[in-house]
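The block underneath contains the structure these notes are about, expressed in C-alpha coordinates.
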Amino acid sequence: MDASVLAAVEGSTAAIGYGLAAIGPGIGVGLVFAAYIQSTARQPESSRITLPYVWIGFAVIEALALLGVAFGFVWQGQA
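At position 79 of the sequence shown the residue is numbered 79 (this note's numbering), and the sequence of numbers has no breaks.
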(Lines of atoms letter the chains of each structure in order from A and count residues from 1; the text may use other names and numbers.)
(Lines give C-alpha, C1' and ligand atoms only; values in the text may rest on other atoms or scores of the structure.)
Protein backbone atom coordinates (compact mmCIF):
# COMPACT_ATOMS: atom_id res chain seq x y z
CA MET A 1 0.00 0.00 0.00
CA ASP A 2 1.20 3.51 -0.79
CA ALA A 3 2.58 5.55 2.13
CA SER A 4 0.54 8.64 1.23
CA VAL A 5 -2.69 6.64 1.48
CA LEU A 6 -1.70 5.41 4.94
CA ALA A 7 -0.88 8.96 6.04
CA ALA A 8 -4.26 10.21 4.80
CA VAL A 9 -6.09 7.51 6.71
CA GLU A 10 -4.03 8.14 9.84
CA GLY A 11 -4.76 11.86 9.68
CA SER A 12 -8.50 11.36 9.72
CA THR A 13 -8.61 8.92 12.62
CA ALA A 14 -8.72 11.75 15.18
CA ALA A 15 -11.92 13.11 13.63
CA ILE A 16 -13.45 9.66 13.47
CA GLY A 17 -12.43 8.98 17.06
CA TYR A 18 -14.02 12.15 18.35
CA GLY A 19 -17.12 11.52 16.29
CA LEU A 20 -17.50 8.20 18.06
CA ALA A 21 -16.63 9.76 21.42
CA ALA A 22 -19.34 12.41 20.98
CA ILE A 23 -21.96 9.71 21.35
CA GLY A 24 -21.31 9.56 25.11
CA PRO A 25 -22.02 13.24 25.88
CA GLY A 26 -25.05 13.11 23.60
CA ILE A 27 -26.48 10.23 25.58
CA GLY A 28 -25.54 11.96 28.85
CA VAL A 29 -27.35 15.18 27.93
CA GLY A 30 -30.37 13.16 26.89
CA LEU A 31 -30.39 11.32 30.21
CA VAL A 32 -30.07 14.55 32.23
CA PHE A 33 -33.00 16.22 30.51
CA ALA A 34 -35.06 13.01 30.52
CA ALA A 35 -34.58 12.74 34.29
CA TYR A 36 -35.61 16.37 34.72
CA ILE A 37 -38.74 15.91 32.62
CA GLN A 38 -39.65 12.77 34.53
CA SER A 39 -39.10 14.40 37.93
CA THR A 40 -41.12 17.45 36.90
CA ALA A 41 -43.94 15.23 35.67
CA ARG A 42 -43.98 13.37 38.99
CA GLN A 43 -43.72 16.47 41.18
CA PRO A 44 -44.42 19.71 39.24
CA GLU A 45 -43.85 22.01 42.22
CA SER A 46 -40.18 21.00 42.35
CA SER A 47 -39.41 22.15 38.81
CA ARG A 48 -37.90 25.48 39.91
CA ILE A 49 -35.80 23.78 42.55
CA THR A 50 -34.29 21.15 40.26
CA LEU A 51 -33.73 23.32 37.16
CA PRO A 52 -30.32 24.70 38.31
CA TYR A 53 -29.08 21.14 38.78
CA VAL A 54 -30.10 20.35 35.21
CA TRP A 55 -28.00 23.21 33.87
CA ILE A 56 -25.05 22.27 36.07
CA GLY A 57 -25.21 18.69 34.79
CA PHE A 58 -25.51 19.91 31.22
CA ALA A 59 -22.49 22.20 31.65
CA VAL A 60 -20.33 19.44 33.15
CA ILE A 61 -21.20 17.03 30.35
CA GLU A 62 -20.47 19.62 27.67
CA ALA A 63 -17.20 20.61 29.37
CA LEU A 64 -16.07 16.99 29.22
CA ALA A 65 -17.03 16.85 25.54
CA LEU A 66 -14.99 20.00 24.85
CA LEU A 67 -12.05 18.49 26.71
CA GLY A 68 -12.35 15.53 24.38
CA VAL A 69 -12.08 17.86 21.40
CA ALA A 70 -9.09 19.65 22.90
CA PHE A 71 -7.24 16.43 23.70
CA GLY A 72 -8.03 15.15 20.23
CA PHE A 73 -6.20 18.15 18.75
CA VAL A 74 -3.33 17.84 21.22
CA TRP A 75 -2.79 14.15 20.55
CA GLN A 76 -3.41 14.39 16.80
CA GLY A 77 0.20 15.22 16.06
CA GLN A 78 1.57 12.32 18.12
CA ALA A 79 2.09 8.95 16.54
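Yeah, the Cβ is synthetic: ideal placement off N, Cα and C, and Gly gets one too.
In three-state DSSP terms, what is residue i?
i	result
residue 43	coil
residue 34	helix
residue 22	coil
Measuring CB to CB, does residue i end up less than 8 Å from residue j?
i	j	result
residue 68	residue 18	yes
residue 60	residue 33	no
residue 64	residue 25	yes
Apart from the five residues on each side of it in sequence, which residues of its chain come closer than 7 Å, Cβ to Cβ, to residue i?
i	result
residue 29	58 and 61
residue 39	46 and 50
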